[in-house]
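See below for the structure under consideration.
2 protein chains.
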Amino acid sequence: MENFRQIGATTYLCPIPAVVLGCADPEHGQRPNLITIGWAGVVCSKPPMISVSIRKERLSHSIIANTGEFTLNLIGQDLCEAMDFCGVKSGREVDKFAHLGLTAVPAPQLDVAPAIGEAPAFLSCKVKQIIELGSHDLFLAEVKQVSVADRYFLPDGSIDEEAMKLVASVHGKYRAVKEALGFFGFSLASPEVRARRGLKEDK
Amino acid sequence: MENFRQIGATTYLCPIPAVVLGCADPEHGQRPNLITIGWAGVVCSKPPMISVSIRKERLSHSIIANTGEFTLNLIGQDLCEAMDFCGVKSGREVDKFAHLGLTAVPAPQLDVAPAIGEAPAFLSCKVKQIIELGSHDLFLAEVKQVSVADRYFLPDGSIDEEAMKLVASVHGKYRAVKEALGFFGFSLASPEVRARRGLKEDK
Chain A
1 MENFRQIGAT
11 TYLCPIPAVV
21 LGCADPEHGQ
31 RPNLITIGWA
41 GVVCSKPPMI
51 SVSIRKERLS
61 HSIIANTGEF
71 TLNLIGQDLC
81 EAMDFCGVKS
91 GREVDKFAHL
101 GLTAVPAPQL
111 DVAPAIGEAP
121 AFLSCKVKQI
131 IELGSHDLFL
141 AEVKQVSVAD
151 RYFLPDGSID
161 EEAMKLVASV
171 HGKYRAVKEA
181 LGFFGFSLAS
191 PEVRARRGLK
201 EDK
Chain B
1 MENFRQIGAT
11 TYLCPIPAVV
21 LGCADPEHGQ
31 RPNLITIGWA
41 GVVCSKPPMI
51 SVSIRKERLS
61 HSIIANTGEF
71 TLNLIGQDLC
81 EAMDFCGVKS
91 GREVDKFAHL
101 GLTAVPAPQL
111 DVAPAIGEAP
121 AFLSCKVKQI
131 IELGSHDLFL
141 AEVKQVSVAD
151 RYFLPDGSID
161 EEAMKLVASV
171 HGKYRAVKEA
181 LGFFGFSLAS
191 PEVRARRGLK
201 EDK
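Residue numbers (our numbering), protein chains in the order written: chain A, 1 to 203; chain B, 1 to 203.
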């Protein structure tokens, strides 16, 4: 058993997603914008729903509140520095797509919110509800479609997430997500199933 | 730019946290229980708030709804198989703490919900609001205290999350979280600051 030290009331949940939100509001003259989302998560399976939390003062807050839609772009290691940039610079100052050399692509099921053409995958999301919590407003959104880059599909049609070299956020640092340690249900699986699913037992 | 394939509307956000919730309701005869939380996230900085989504039919749903409190335990590689077990077995059938040889420890600021004494860190949480979404109810909770195991503190008082060997959840698989690829703001930092913060530039 561990000895624990208290560090105070803080958002010390980790790892958490490292993702970038895409939005636009051409009706109000807002070009495609990107914002790194520190607080994002899945909240429901049926319907498939995710949440993102955004400060009221952010440009993207008003864009999403107006249009009711956004994309959520997964991030691989090659986009890690671009993701950080999208979290520290405001779209009021810079055209992030142009500055970062990224491509704004249309997102299936959405009208105006762009996705990142270089992302390994992205979710098309429609806002259902906005809840005020304090520093952040919580946007609850339904996932309307998921797009995955061709090259990550294996011959059997499954998706090779390891090849995406995903990035996790851990308390102010971006960390590499690597090899599989297990799969859902592996604690009750037979040695044969564990071996067939590629589990290395020497860890 | 990538070519994308659509895979349908699904909760394809990754990586996401791999954490275990601790709860108990001695007044109603419910011993300490553990449940793996597939859908958890941070939702607000001030006050510090997290969310967990739980199906109504789960034993822990009623326990938390009754008591209004739970712990959220971070998971290192040595607890990965125990975490999987807590997600596939019900507390109605088995005493998970006893079966897994884990220690139920009191959580600061909470009355009844236990933490895992072998976890690298845990959050003490109080429920503020429950929102029905569909398959899952969303519990919004305030973090009241965070406890971190002594051995992860560095001499300067900072915490070495790499040493925790955290586990991420990626679409049905548990994956190792490893080396730092950057830190918040590194895209705008000088070469000197990047070097001082230990960034390896040969990636």
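Quick reminder that beta carbons are idealized off the backbone N, C-alpha and C, glycines included.
At a cut-off of 3 residues, the continuous stretches assigned as beta strand (DSSP E) that sit fully inside the region 94-176 of chain B are 104-106, 114-116, 121-132, 136-149 and 167-170. When the five nearest sequence neighbours on each side are left out, the beta carbons in the same chain lying within less than 7 Å of the beta carbon of K56 (chain A) are those of D137, in order along the chain. Note that the C-beta distance between K173 (chain B) and A121 (chain A) is not below 7 Å. With contacts defined by Cβ atoms closer than 7 Å, L110 (chain A) and V146 (chain A) do not form a contacting pair. Around the C-beta of N3 (chain A), fewer than 16 other C-beta atoms lie within 10 Å, and the residue is accordingly described as exposed. Under the 8 Å Cβ criterion, the region 79-96 of chain A does not count as touching the region 3-17 of chain A, having fewer than three qualifying pairs.
The beta carbon of R175 (chain A) sits closer than 6 Å to those of A168, all from its chain and outside the five residues before and after it, given in chain order. Cβ proximity to chain A below 8 Å picks out L133, G134, S135, H136, L138, L140, E142, V143, K144, Q145, V146, S147 and V148 from the region 132-148 of chain B.
If you draw a straight line from the Cα of I75 (chain B) to the Cα of A119 (chain B), it comes to about 6 Å.
By the 16-neighbour rule on beta-carbons within 10 angstroms, A195 (chain B) is exposed. Residue environment for M164 (chain B): buried (at least 16 other C-beta atoms within 10 angstroms of its C-beta).
Taking C-beta atoms as the reference points, T103 (chain B) and G117 (chain B) count as a pair closer than 7 Å. One thing to note: S45 (chain B) has its Cβ within 7 Å of the Cβ of S135 (chain A).
Put simply, the CB of V177 (chain A) is near chain B, with a gap under 7 Å to one of its CB atoms.
When C-beta distances to chain A are compared with 9 Å, the residues of the region 13-24 of chain B below that value are L13, C14, P15, I16, P17, A18 and V19, in chain order.
Listed as beta-bridge partners of W39 (chain A) by DSSP are A:S53.
Listed in chain order, the non-local C-beta contacts of L188 (chain A) below 6 Å within the same chain number zero, local neighbours out to five positions each way being set aside.
Approximately 16 Å separates the beta-carbon atoms of P114 (chain B) and V127 (chain B); this is outside 8 Å, ruling out the contact.
Counting the other CB atoms within 10 Å of its CB gives G29 (chain A) a total below 16, which places it among the exposed residues. The Cβ-Cβ distance between D150 (chain A) and R5 (chain B) falls below 7 Å. For G22 (chain B), the enclosing beta strand (DSSP E) stretches over residues V19 to D25. Its chain contains V112 as the residues whose beta carbon lies nearer than 7 Å to that of P26 (chain A), once the 5 sequence neighbours on both sides are disregarded; these appear in chain order.
When C-alpha distances from N66 (chain A) are compared across A:L72, A:D84 and A:F139, the shortest belongs to A:F139.
Along the region 32-51 of chain A, the positions whose C-beta sits under 8 Å from a C-beta of chain B are G38, W39, A40, G41, V42, V43, C44, S45, K46, P47, P48, M49, I50 and S51, read in chain order. Under the DSSP assignment, F85 (chain B) falls in the alpha helix (DSSP H) whose first and last residues are C80 to V88. For the 7 Å CB-CB criterion, C86 (chain B) and L166 (chain B) do not form a contact. For H171 (chain A), the closest alpha carbon among the candidates A:L13, A:L59 and A:I7 is that of A:L13. When B:G198, B:T71 and B:V43 are compared, the shortest CA-CA separation from I130 (chain A) is found for B:V43. In the three-state DSSP reduction, E192 (chain B) falls in the helix class (H, G or I). Put simply, of B:P32, B:I37, B:E161 and B:R58 the residue whose alpha carbon is nearest the alpha carbon of A98 (chain B) is B:P32. Contact annotation: in the region 90-106 of chain A, residues whose CB is within less than 8 Å of a CB in chain B are T103 and V105. Collapsing the DSSP output to three states places F183 (chain B) in a strand. Per DSSP, the unbroken alpha helix (DSSP H) holding L59 (chain B) starts and ends at L59 to T67.
The beta carbon of L100 (chain A) lies closer than 7 Å to those of A82 and F85 in the same chain, with the five residues before and after it left out. Listed along the chain, the chain B residues whose CB falls inside 8 Å of the CB of I7 (chain A) are V146, S147, V148 and I159. With respect to chain B, the C-beta atom of N3 (chain A) has a partner C-beta closer than 7 Å.
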